[in-house]
Structure formats: C-alpha cells, structure tokens
Amino acid sequence: MNSLSLQRIRGLLRKEFLQIWRDPSALAIAFVLPAALLLLFGYGVSLDARKVDLALVVQTPSPLASSFTSQFADSPYFISHPYSSIQAAEHDMTARTVKGIVWLPSDFSRRARSRGQAPIAVIVNGVDANNARLIEGYVQQVWGTWLTAQIRHSPPLLSVQTLIRFNPSVNSRNYLVPGLIAVIMTLTGALLTALVIAREWERGTMEALIVTRVYIHEILLAKLVPYFVLGMGGMAASVALAVGLFEVPLRGSFWVLATASALFMLTALGMGLLISSFARNQFVAGQIAIIVTFLPAFILSGFVFDIHSMPDMVQFVTHIVAARYLVAILQSVFLAGDVWSVILPNGAALLVMAVIFLGLARAMARKRLD
Amino acid sequence: MWRQVFALIVKELLAVLRDQKSRMVLIGPPLIQLMIFGYAATFDLNQVPMAIYNKDHSAPSRELVARFEGAPTFHRVATLTQSQSLDALIDSRKVAMVLVIDERFTHDLLTHQSARVQVIVDGRNSNTAMLIAGYSNIILNDFSQSWGSSHGAAPIPAVLDLRARYNPTLSSQWFIVPGIVALLTQVVTLLVVGLSVARERETGTFDQLLVTPMRPIDILLGKGFPGLLIGILEASVIIGAAVGWFDIPLRGGFIALYLGLFLFVIAVTGIGLMISSLVLTQQQALLGVFLFMVPSIILSGFATPIENMPDWLQTLTAINPMRYILVIVRSVFLEGATLSTLQAQYFPMALIALFTLTAAGWLFRKRTN
Amino acid sequence: MPTPPDLEWALRLEEVSRSFRIGERVVKAVDQVTASATSGAITGLIGPDGAGKTTLMRLIAGLLRPDSGHITLFDIDVGKNPMAAQARLGYMPQRFGLYDELSVQENLDLYADLQGVPIALRAERYAELLHMTGLGPFTARMAGHLSGGMKQKLGLACTLVHPPELLLLDEPTVGVDPVSRRELWHIIEDLTHSTQMTVLFSTSYLDEAERCDSVWLIHEGQLLGSGPPASFTAEMTGRSFLASSALSRRRLQGRLAQTPGMIDALIQGDGVRVTTTVAVPPNASIVAPDIPDLSFLPVPPRFEDSFVARLRTRVSEPQSASPALSPTEKPIPSSKTADIISVEHLTRRFGEFVAVNDVSFRIAKGEIFGLLGANGAGKSTTFRMLCGLLPASSGSLQVAGFDLRTAAAQARERIGYMAQKFSLYGDLSVYQNLRFFSSAYRLSGKTQKTRIDWAVEEFGLASMLKDTARDLPLGYKQRLALACALMHEPDILFLDEPTSGVDPLARRDFWHRINQLAESGVTILVTTHFMEEAEYCDRLIIMAQGNVLSTGEPEAIKAAARTPENPDPRMEDAFISIVEATSTRIPAQ
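Here it is, written out as structure tokens:
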C-alpha cells in the first residue's frame, strides 16, 4: 500500500470542504467571529485618553493663572471645568465627574512672580493607573507649552523634541487592531480545528475513518489544508477590515504579512491537532483550547500589554506563546513597513514553532483509540 | 416548598463539588487567570530598553545620561556613536526609545540658549510610547530644574507637583487585580448557572425534576441560589488573594463591597439562567457564556476606560452589570468608598438584576411548558 | 483475495484481556477471552450493555491494543500489524460512522476513496450496494436526514464498498425498528452465502443469537460460552415448561419465581414460562399444592434460557432482594372500572412533522399498559405528553383526573417517573439521590427516613449507599432509579424504556417488582422497543409513524398474526405483520 495516496487525500479533502460549506457554525467561527471581534475591539477598546474631564481650581484669579488655564481650553485632550474651591473639585473627583484636578493655590501668582517655582498641584485619580499616567503626561505637555510662552525672554534650559515614530498621532487602534489579527487566527486555527476533530470523535465517524486503509498522516493533512485555507481567508478578511474600516496603515507588503500569517496558521493548526489528540469531546477540547491558546494569545503576546513590562519569569514564558512572534511582525508590517530585522527572527521563531507543533501533533496522532 | 428548594440547592452544590471536572472549573482556570492577569496584564513601564546617543561628552550631558540610567523605568542597552544605527535599533525593536543629546548641549546650557535633546520613541505600541514620552519628560524637567537652581538660572515661574490619589505609585496591579475579582466572579457564576440546566437536560434528569411536584419557580430558585453562593464564595477567595498575595489595600468596608457583589452576582445569575433556559446542551451553554462574556468584559472598563469609547457604545455599556461592579470593587478597595458614594452604581445594577431574573423566569417557564 | 483454504477460522482470540481505568477503579472490560470465528460464517457476539462487546470489537479492529493475549486475523497478528489487518476487515461502529452533512452518494464516494476502490469498478459496486440496501432513490439525500434504519444500511454499504474478508458490525440493530432489523439480517445472510464473507455481529438482543451460525456469549468481560446457538439450547432441553392455572398469571409468576428448583419464571401469553434446574417436569402437586389446576406443559428451550441458567450459577444473590410487597398487603381493587388514564384524539406536531397522530386509549387502575414501537414511532412523544413534559397540539388527556399540564403540583405527587437510561444524578451518592428525590416529592422528617430505609431494604442498596451513582453497575442504576421514582408511593408509574441494555437477570428482577406493584394497585405505563417485554403488559398499543396500529391484549395481538406457516408467532412477528399490513412505511423526512 502506498503511504500517501492521492485518491484518499482527495476523498478526505472533498469531505472536509463539503462539511465546512454545509455547516454554518464552522463558517461562523471563521468569518463572523473575527469580524465581530474586530468591530468590538476597534470601537470598544481605546487606550487614548481624549476629552478628559479636568477640574481647574483657581483660588485667586489673576492674569497669570488664566494664561495657564486657557491652555487647557485649547487642548484636544481636555474638557476643563472651572472650580473655585479645591474641596468641590475633590468631591467631584470622588464622584467621578472629573478625572483629574489642576490646582493653582491662592498664592500662585504671587509666588510665581517673586521666587518662581510656584507649585501647581496636579491631582489625578490613580485607580486607573494607566489612564492617570496618560493624563499626567498630557498636563505636562500643556505646562511645557505654557512655560515656553511665559519665559520667551529667557529661553528654557532644555528644548526637548519628542518624536513618536510610526504612529505620530499616537492612536491606540493602530497598534491594537494588527495584534488582534493574531488572536483571531488563534481562534480559527486552534479552537476550530480542535472542536471539529473532537466532533468526529463524538459522532464516531473518526472511528470508522481510522479503520479504513487511510494513514494517520493523510487524515492530518486533510484536516490541515481546509482549515488552513479557512484561516487564511479569515485573516484576509480581517486585514481588509482593519485597513478599510479602521484605516490602519499597511506600510509593509501584503506578502510578508501573508507569509508570516501562514507560518503562524500552521502553528495554530498544529496546536489544534495536538489538543484534539487527547481531548475527544468538544466540551473539553473547547476549554483546553481557550485556556492554552486563546488566553495566552490575548494576554502574553504583547497584543495589549507590553512584554517588556512583565516580570522576567512571565517574559520568559511568553517565548513559548507563538502569537507573540506574529504580533511583533504584524505591528511592524502594518505600522513600520518591511523591517527585516523584526520579520526574520520572529519569522524564524514561527517556523520553528510550526515544525514543533506539527511534529508533536503527528507524533501524538495514533490510529488507535487508546 | 422551601424544603424542596433547599433540597435542590443542596443537590446542586453536591453535584458541583463532587464532580472533579466541575471542581476544576471552579479552582483551576480562576487561579491561572488570577496569576496571568495579576502579573502579566500591566501597563507599568519597567526596564524599557533604550539607547543613548550622546554627541556631547561633557559633565552635564553625562549627568543627564546618568539620570536616565538610574531610573528603574529605563534600561540602557546600547550606546550609539553615530546616527546610522539609530533607525535600525528602533526598527528592529531592540530599543523602544533613543535619547539624542546634541553636540552643543553643554555649550548651549552654559550660554543660556535652549540645549537641544531629542527623544525618539517607537510608536508601534502607542500606549507604551505615550508613557515613555511622559517619563522622559519628568526626568528632563527634573534635570533642568536642578541644573538651573545650581547654576543660578532664572527660576521658572511654576512647577508641577504631581500627586495621584488612591494609588500613589500608579501601579497597574492595583487597578487590574480588583478588576479580576469582578471578572472571575462573573466567569464562575455564569459557568455554574449557565451549564447546570443543560447538564441535566443532557443526562435526562431534567425531565425527572419537572415531573416532581416542584414548580418552575422552585426549580429556578434552586438552580440560581447555588450560583449566588459559589459566586460570592469565589469573589471572597479572590478578594483574599488580592489582599494577602498581591498586597492591594482594602480601604473600604465589607458591606459596601458585598452589597455590590451580591447585586452583581444576582444579575449575572439571571443571565446564566437565561442562557440555561435557552440552550439544550452544555456545548451550546459554553458558547452562550463565551458570547456574552467577551463583549461584557471588553465593554466594562476592565482594561480600557469606558470614556474612550464612542458615545453610542458608552450608552450601550449602561446595561452591562460588569461596568458597575468594577467601579464598586475598585473604589471600595482603593478609595474606601462607602454605601452612599456608590448609590449611582447599586441602583442600575439592582435594576439589571431585577430585569435578568424576571426575564429568566419568563424564559424558563416558556421553555419548560 | 480469497481466504487461504486451509484456514477454517478467520479470527482467533487467545486469552485476550483489556482493562480501563475509570477514576480510581480499574475495570476489566475484556477478561481472558479465548474464542475463534469460523470463516464464512456469522458469529454473534452477544451480551448485555457493559459486557465488553464494543471493547472486543475495537480490539479486533486494531483500534485498541490488548493488555495481554493475541488476536489473529487470518494470518495477521492484529496487535502487531493493525494496518495490515485493517486492510482486510470492514468495521461499522455504533452510530454507523456516517457524515451527516454529506449525502448518501458522497458518503459512499468518501469510503470508496479511502478503501482504494478503483474508479472503474465503482459504478457497478454502487449499483449493487444501492440495490441491496434499497437506498437507490435517496442518493442525493443528506445522511443526517435518513431514518435510523436507512442510516444503518448506508453505514453497512459504506463498510462494504470494498468487500472486506471480515465484517465487524457493532450493535447495528440498536435503535432500529423490527422491520429494518429483519431486512439487515437478510442482507447479511445473503452476503455470507454469496461471498463467503466472515461476519462478527454484536448485539444485546438475545433473540438474535438464534440467527447466527455461532455465538460468543459474554458477560462482564468474560466469555460465558461459545458455539452454535443450538448447542446452547441443547443443554436446556427438557427444562422449559409453560405453567398455567386459574390463578392470575402475575401471581402465578410471583409464586413460581420463589419456588426452589426454578431458575426462571416469565410471563408468556396466558401462562408462565418456567425453566428448571434439572430436566425433569415439575410436579404441580409438590411445587405448589395450594394452587388449583396447575399444569406444566413442556416447551422448546430458547437461547435466553441458557443465558439465564449460566448467570444463575454465577450469581448467588436471590432473584429478588426481598419478597417485597406481598399480594395481600394492599387490597387489590376488585373492579377495574375507573379509568385512571384517558387519552382522546391526542395529536402532536413539530412544525410540519406529525409526531403523534390522533391517538386514543384508556388505562384502568392497576393495569400494566405498554407503548410499543421502534425509535421515532411517537411513543416517547406520547409518553412525554402524558407526563406533562410536552403540551399536546390537540386532543385531551387525563391522568388521575388531572391534566398534568395544568394540574397543580399536588397532581404530580401521585405519579412516579423513571426516565430513559435511568437518569440519576451521577455525581451524587446513592443515599444523596434517594434523599434528594424524596425531598423533591415533599417527604420530610420521619416519613422521609422511613421511605429511604424502605428503599434501601427493598432494593438491596445498603452496601452501596456511599457509592457514586455514576459508577454503579447498570442493574443497580436501574434499581436506584426505580427506588427514586417510588419514594412517594405513587398511584401511577411511568417507565420509559426501563430495561434497555440490562442483563436478563436484572430485567427479570425488575419486572418482578413491577408485577408486584401492579398487584398492589399501582397503574403502570411503560414504553419499550423490546417486543418480548410486551408479554408482561396487560394491554398495549403498537405505534409506528405516530399512529396507533393496534390496541389490545398481547395474546390477541399475537393471535392476529397467526398464519399456517407460523402457528405460534412471537410479538416481533406480530409487530412486523401489523406494520406491513398497514404498509404506510414512508421513509422519515
């Protein structure tokens, strides 16, 4: 017997494609779920603080004070609300109607003119630490601008020029949406594949299949190809949505994107096949897939949370999260272009992961039930 | 009637606790999530790899460099001697930021012309970029103030005095971990309640239950109460871990916290019962739980502020119970909020709870008849 | 590829064992089985659920490896070279291994591709198979939309698309109506005659043994015996009798079952079929001097008698854990005038599909009433409507004077319900199950304790009170389920497929209890697809495609099927003749 028969592969492939085509749930996971997730994230998730409600407490109005406060009115980051007492402002911050307070104490103008270095208190609600930090950063910018204007006669000691590469408008959507594509591909690759094979075990069709003359690698191959096509289709749709609807720039080449995604897809499929080799019902397969593939891709890939900021131990663990490498490539290819120094090492890592997981899936697959 | 409901509650609890798989759902995944979220989900900058390109080689510029090197936020991984490699370093993500000090830096400082410094940041992660820019500014401002005062420069008219209320070190963990209390309480309650009827339908015991003299409302109560109990218990365990393991301060009172949790778990139990009434298999129940959970977490303010969403989406979050409990848990933990300051959170959640329970009751009756 | 002529056996098992770990227990699914199957013959692998049939099938198919022992298929060691073995066998698993989303033709194509059937030979082979299975008109239909019987035939066709030398069929007749079952047997018999194919056929229906050339009888993983079915019945020659007397058959059965020297007593027709320990006709005046005009008539032995006899020698436990309710405990309602259940023109539709069509019947107090039919006949739907689990589309039904749909909880206190597959809370212990169900039926305090004690005593559950219900043997699950349904001493007992899969002893034990309950005045409504069980009913209805085909006493129904060729028809023969006479067999949509 031939160990790789075209006739058997063709038969299995036709079966898989017919099943996908006739089973709405597979198409839903491959296309509707990605679109829904992209929309949800595209609109629902933004780290950019815009139009922050800010209390401006000016206890003793003066021209100097109003020159400072008027800067906030011009800033796109803030909606300023004038207060005359710090107590009222603090009360409103506790009630969450304002997120931060800029307080010019009663002796502000006097001190500024006499000794200088008059303190301006910036009080933020630190509960949302990240947001608080962003607000502090914005207030600093406003203060810097004001300072430059104030001491025009004697220039500031430092002239700082901050250049944000690749995303000058600092729009968080531009970095979240590309990373999301990796999460979505994890869903189609690992979760869908694991579920579909588990379903074959549940229904007893796998049992009938493996006692025929088919070889186990033929079964794996016939699962790999259709879900690869489906996953890449989902990827293409996600990219189209990212570029078309959310206007994320695609500065690198589509082919680099496609190749890296293809390598990742193989890894994800390998994980899906591996999970299905020991989880033989959809319930267990689904739970395992979510915990070992989806959650890490979400949290440990650098998609939202920067890997550099994680504790060393966790950083070390992220090396086995395949999504990490794809996220790195995606963020670069979308925002920076074909940066080979990012693409090549991460691509190589993906290749290694794909080989490992597909190899493991092959090694674990048996033409037996035990 | 109460005796029957009580028997059902006891049975539900036994069924959950005696089954190894169910026990795992209650203990394993929450623990993993607590650890992953507690440690990995952080926006705090730590040891950001940076490069320094100091074209000026005198004491003041070295002092500035030393300030960056001494900051725990930054970690210098490269020192440049020419500008060519700068782009490559950023492009390849070897560094997230490059500090460029002009060759006339000291000269300009001493002659009171603005000394030029460039901060070049990798913007591929826009949030990190903003934070790096903010940190750099703080260091640069400190430098210029201390240099100015020691060199007799005219003092600047005003300085910023930054203070953060409730979380003085602005630690992400203080923000995320109380959020996990709400998150995991929701996950566990939904799984326990959402799957319980489906499991009985699968094993056929549900019919057996329906032919007993128990009324649908008794069954509903008996199914809902264990979720409530387990949800509150799960929340308590995670609160314990937040305080004991992650050292998050718990400044408010238990009453304010548990009133919120109680209303939240009731609302979530209602949602779980709705899912339970609609589905036939545990598979579908799991899918239903997943479909509800993902949007409810993303649109809750768990990781990103609701204020940043488009207005129409902000309006939509008003029906998300998770939104309110997050405010309650975080403000009780960090702000020491009291019952009266949280009224605006309790009432909408109570309304949602009332609605989900009524809807669940209606659906349940409709589906069992 | 003909079988080498010098081999008279196609399959040989030598001391094959296989165990599984379930939680902390190790279960010996197959225990030291040594057997062989003759080439070109049909070998039946017979045993109740959980006997190890599927494990054995999977071992032979190379899907599982034996812990010890050897399986030889022709000249191939299956454990060492499963691929070579698989090239020569065809295996149809339970549920037939079909892809629901694929059409009949596409399923055939898939298996033809996988089995390497050359394209040129396919047209002819397909025509042959479609003709044989009668699936010709349905090639474009999705497999998921076929009826159970058609799925079974398609599964068989897929397995046969490349003719195997050994055909393994794992419980192909489960959940299939008697007509399809008979058709399947014809197909298989034709196959073995025309192609010399060897067939191993597993089943839990003991009556199918008699159609096999040879039988392997297994129970709890062990081979109880093997050989031609005649050799099994031969041991029982002269030990089977039909007892009859003026006493009601149920009471007679109850008496004879307790009589020493009797290993089996079973209601059949108007009398009681008994099997004795020795081949001597029982003497009526010694066995039961108090029963007037008791007579014993010799009858031919059956395969089941031999199984029961073998089991009796293994199991020391008496047939019933306790004498239970003695017939005099509760006065028997002398007049069966009051109808406790009445159903008039009951109809239930699901969209376009009519599951139950204009069904009417009445059940008197203390009657055992059967709903007989194959899967999909509408008996479960009828049953669920009676229990108040499903609303009727039209028609009326009254149970104990109430419509359970609208009746208050009090009405439901009067019924007991035992669901299919003995639905218990698998995670709870035996005691916790009893406690929960008694509370659900509003028992409390002393009453509750008394009833739980009663159930433990009556059903012999004392030694396993702390055991988790899921891990109980099937027979005990059935006992516990019945105990739970009886906690509140209901007037009416609904039993849905109460004996499916359990071994003959557990089945007898169960019916013994049911008879006693009926004697004490409890009305019993039972659904079953076991035609033989219809014998236990006072009256029954036969359903197919949602319609009632026949109503009446079992004897009358059987009598209607009497023909010159078949003077003593079994219930299954009667069923088939009724179905064929009505001849409205439309393939399910």
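Going down the list, the sequences are from chains A, B and C.
-5 is the number of the first residue of the first sequence in our numbering; add one for each residue after it.
253 is the number of the first residue of the second sequence in our numbering; add one for each residue after it.
2 is the number of the first residue of the third sequence in our numbering; add one for each residue after it.
The C-beta atom is built at its ideal place from N, Cα and C for all residues, glycine as well.
Once DSSP output is grouped into helix, strand and coil, what is the label at residue i?
i: A:W334; result: helix
i: A:A343; result: helix
i: B:I550; result: helix
i: C:E318; result: In this prediction, C:E318 has a pLDDT of 49, which is less than 50 and means its spatial position is unreliable; what the coordinates show is noted afterwards. C:E318: coil per DSSP, three-state reduction.
i: C:K29; result: strand
i: A:F297; result: coil
i: B:T421; result: coil
i: C:S445; result: coil
i: C:W217; result: strand
For residue i, would you say it is in contact with chain B, using Cβ-to-Cβ distances shorter than 8 Å as the test?
i: C:I47; result: no
i: C:L416; result: Note that residue 416 of chain C corresponds to Ile in the displayed sequence, not to Leu. Output row for C:I416: interface = yes.
i: A:R127; result: yes
i: C:G427; result: yes
i: C:A442; result: Per the sequence presented here, residue 442 of chain C reads as Tyr, with Ala not at that position. Taking Cβ atoms only, chain B reaches closer than 8 Å to C:Y442, which makes this a yes.
i: A:D17; result: no
i: A:S303; result: yes
i: A:V154; result: yes
Decide if residue i is buried, meaning its Cβ has at least 16 other Cβ atoms within 10 Å, or exposed.
i: B:L594; result: buried
i: B:T569; result: buried
i: C:A535; result: buried
i: C:N82; result: exposed
i: B:G322; result: exposed
i: C:S327; result: Model confidence at C:S327 stands at a pLDDT of 39, short of 50, so the residue's coordinates are unreliable; what they give is reported in the following sentence. Classification for C:S327: exposed.
i: C:N567; result: exposed
i: C:L267; result: buried
i: A:A176; result: buried
i: B:Q336; result: exposed
i: C:F351; result: exposed
i: C:T329; result: Low per-residue confidence applies at C:T329: pLDDT is 38, beneath 50, and the placement is therefore not dependable enough to give any value.
Mind listing the chain A neighbours of residue i? Cutoff is C-beta to C-beta under 9 Å, in chain order.
i: C:E16; result: Those do not exist, as C:E16 stays about 19 Å from chain A at its closest Cβ, beyond 9 Å.
i: B:E587; result: T88, N119, V121
Between the beta-carbon of residue i and the beta-carbon of residue j, is there less than 8 Å?
i: C:R240; j: C:T277; result: yes
i: C:L201; j: C:T39; result: no
i: A:A184; j: A:G266; result: yes
i: C:N358; j: C:N548; result: yes
i: C:G374; j: C:K380; result: yes
i: B:V581; j: A:V154; result: no
i: A:L33; j: A:A59; result: no
i: C:P570; j: C:A562; result: yes
i: C:L473; j: C:L483; result: no
i: C:L298; j: C:F242; result: yes
i: C:D171; j: C:T55; result: yes
Is residue i close to chain A, meaning its C-beta is less than 8 Å from at least one C-beta of that chain?
i: B:T380; result: yes
i: C:S336; result: Note that C:S336 scores 45 on pLDDT, short of 50, meaning its location in the model is unreliable and no value can be drawn from it.
i: B:N560; result: yes
Name, please, each residue of chain C whose Cβ falls closer than 7 Å to the Cβ of residue i.
i: B:D499; result: Within chain C, no residue comes near B:D499; the closest Cβ sits about 38 Å away, beyond 7 Å.
Check whether the Cβ of residue i lies closer than 8 Å to any Cβ atom in chain C.
i: B:I261; result: no
i: B:Q256; result: yes
i: A:L352; result: no
Starting from residue i, find everything on chain A with Cβ-Cβ shorter than 8 Å and list it in chain order.
i: B:G386; result: R127, L128, E130, G131, Q134
Which residues in chain C have a C-beta closer than 9 Å to the C-beta of residue i? List them in chain order.
i: B:A537; result: Those do not exist, as B:A537 stays about 17 Å from chain C at its closest Cβ, beyond 9 Å.
i: A:L363; result: R59, L64, L65
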